[in-house]
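Just so you know, UniProt numbering puts the end of the sequence shown at 301, numbered straight through with nothing missing.
Built from N, CA and C at the ideal position, the CB exists for glycine as well.
Quick notes on the structure that follows.
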Amino acid sequence: MDTLTPASETALDFPALLRYWRGRRGYSQLALSLAAGVSQRHISFLESGRARPSREMILALSDRLGVPLRQRNRLLLAAGFAPAYSEHALAEPPLQMVRQAIALILAKQEPYPAVVLDRFWNISDANRAYRRMVDALLDGRPAAVLPEGLGNDAGGGPRINLMLTVFDPQGLWPLIENAHQVGRYLLRRVWQELQAQAHDRVAREIFARIAQWHPEMIGPGGVPHADEEASEGPLPPVLPVVLRAEGFQASLFSTLTTLGNPHDVTLQELRIECFFPADEPSRLALEALGRDAEPAAVQNR
Numbered sequence: 001m002d003t004l005t006p007a008s009e010t011a012l013d014f015p016a017l018l019r020y021w022r023g024r025r026g027y028s029q030l031a032l033s034l035a036a037g038v039s040q041r042h043i044s045f046l047e048s049g050r051a052r053p054s055r056e057m058i059l060a061l062s063d064r065l066g067v068p069l070r071q072r073n074r075l076l077l078a079a080g081f082a083p084a085y086s087e088h089a090l091a092e093p094p095l096q097m098v099r100q101a102i103a104l105i106l107a108k109q110e111p112y113p114a115v116v117l118d119r120f121w122n123i124s125d126a127n128r129a130y131r132r133m134v135d136a137l138l139d140g141r142p143a144a145v146l147p148e149g150l151g152n153d154a155g156g157g158p159r160i161n162l163m164l165t166v167f168d169p170q171g172l173w174p175l176i177e178n179a180h181q182v183g184r185y186l187l188r189r190v191w192q193e194l195q196a197q198a199h200d201r202v203a204r205e206i207f208a209r210i211a212q213w214h215p216e217m218i219g220p221g222g223v224p225h226a227d228e229e230a231s232e233g234p235l236p237p238v239l240p241v242v243l244r245a246e247g248f249q250a251s252l253f254s255t256l257t258t259l260g261n262p263h264d265v266t267l268q269e270l271r272i273e274c275f276f277p278a279d280e281p282s283r284l285a286l287e288a289l290g291r292d293a294e295p296a297a298v299q300n301r
């Protein structure tokens with residue numbers, strides 16, 4: 001899987017990381033120097049290791065390049081500085097207000113599904129509608145989880161991984177009528193995440209597992225195939241996911257909610273995905289599911 005990792009991103013030194021992020025954002029040394037208010041020569045010296053950055057310079061360059069908070073901490077560590085941004089588990093006291101806000105969002109989404117995901121699409125929380133839907137779809141089959149020791153940022157053992165459960169041939173994949181369309185879209189999201197987290201074993205494991213299950217979706221060099229449908233005509237305003245299982249079928253689209261201006265790594269990476277019915281029969285199906293007897297909560301099987 002070495003082709004999945006940009007060569008410069010595997011390095012631990014600050015100059016290589018700075019070159020990587022400048023390249024990722026499409027900046028020349030001159031453009032970055034103008035944006036950051038420093039000389040091009042200084043940027044060149046930082047990337048060659050001839051000059052050592054200050055803590056303030058690293059934060060300024062990271063801001064101009066739009067580097068995620070986790071990677072800003074990594075840049076600081078690589079240069080010999082302490083991390084600038086905290087990273088708390090969602091269950092910890094400093095994030096109590098955020099937990100209350102998330103609980104409100106989940107509750108207000110009823111009777112439609114909503115799920116809280118961490119940076120690697122592990123399920124951190126979900127409302128009752130989401131649990132009912134997944135129970136109805138899987139019908140007792142186990143959901144996919146990451147290998148032990150990977151991707152368990154919040155502790156407490158393995159958690160269901162939504163992305164793997166979607167692509168798993170024994171999971172949701174055979175229940176998605178438009179799996180080819182949905183799969184290509186989601187695989188691009190995984191690939192984009194991999195580019196920012198390539199050094200992380202979890203991102204590599206997720207992509208490798210999907211590539212093993214669906215090699216036809218991977219092109220030369222380990223890059224996902226382009227979506228041919230995107231070039232054949234105008235795209236729909238939303239991408240519906242058409243689900244069909246015994247006793248349940250629905251066409252859904254989703255929205256992703258992130259927290260604005262977070263200063264904590266966990267909060268920046270947190271995503272709340274809310275699902276909505278794409279047509280009237282789907283609305284009725286979800287509401288009917290909610291009127292049924294409450295099933296057991298989604299558990300790590």
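- Rounded to whole angstroms, the separation of the alpha carbons of Gln192 and Arg209 is 16 Å.
- Non-local C-beta neighbours of Gln268 in its own chain, meaning closer than 6 Å and more than five positions away in sequence, comprise Leu69, Pro262, ordered along the chain.
- Straight through space, the alpha carbons of Val38 and Ala51 are spaced by roughly 13 Å.
- Per DSSP, Asp63 is one residue of the alpha helix (DSSP H) stretching across 55-65.
- In this structure, Val116 lies away from Leu259, with their beta-carbon atoms at least 8 Å apart.
- Burial state of Ser54 is exposed, judged by a 10 Å Cβ sphere holding fewer than 16 other Cβ atoms.
- Judged by beta-carbon spacing, Gly49 lies beyond the 8 Å limit of Pro93, meaning their Cβ atoms are not closer than that value.
- Residue range 241-245 is occupied by the beta strand (DSSP E) that includes Val242, with no alpha helix (DSSP H) assigned at that position.
- Collapsing the DSSP output to three states places Ala250 in a strand.
- Ala78 is not bridged by DSSP to any residue.
- Assignment of Pro142 by DSSP, reduced to helix, strand and coil, places it in the coil class.
- Gln109 places its beta carbon 8 Å or farther from that of Ala136.
- Per the C-alpha coordinates, the member of Arg64, Leu59, Arg25 positioned closest to Leu34 is Arg64.
- Under the DSSP assignment, Ala126 falls in the beta strand (DSSP E) whose first and last residues are 123-126.
- A Cβ-Cβ distance of about 6 Å is found for the pair Ile176 and Leu243, placing them in contact under the 8 Å criterion.
- Per the DSSP secondary-structure output, Val116 pairs in a beta bridge with Asp125, Ile272.
- Around the C-beta of Ala82, fewer than 16 other C-beta atoms lie within 10 Å, and the residue is accordingly described as exposed.
- A direct Cα-Cα distance of roughly 17 Å separates Phe275 from Asn122.
- Pro15: member of the alpha helix (DSSP H) spanning 14-24, first to last residue.
- For the 8 Å CB-CB criterion, Ala114 and Ala126 form a contact.
- With fewer than 16 neighbouring CB atoms inside 10 Å of its own CB, Ala91 falls in the exposed class.
- DSSP places Pro158 in the coil class of the three-state scheme, outside both helix and strand.
- Among the bridge pairs identified by DSSP, Ser86 is matched with Asp264.
- Pro277 is bridged by DSSP to Leu252.
- In its chain, beyond the 5 residues on either side, Leu75, Ala78 have a beta carbon closer than 6 Å to the beta carbon of Leu17.
- Comparing alpha carbon positions, the residue from Val223, Phe120, Ser282, Thr255 closest to Phe248 is Ser282.
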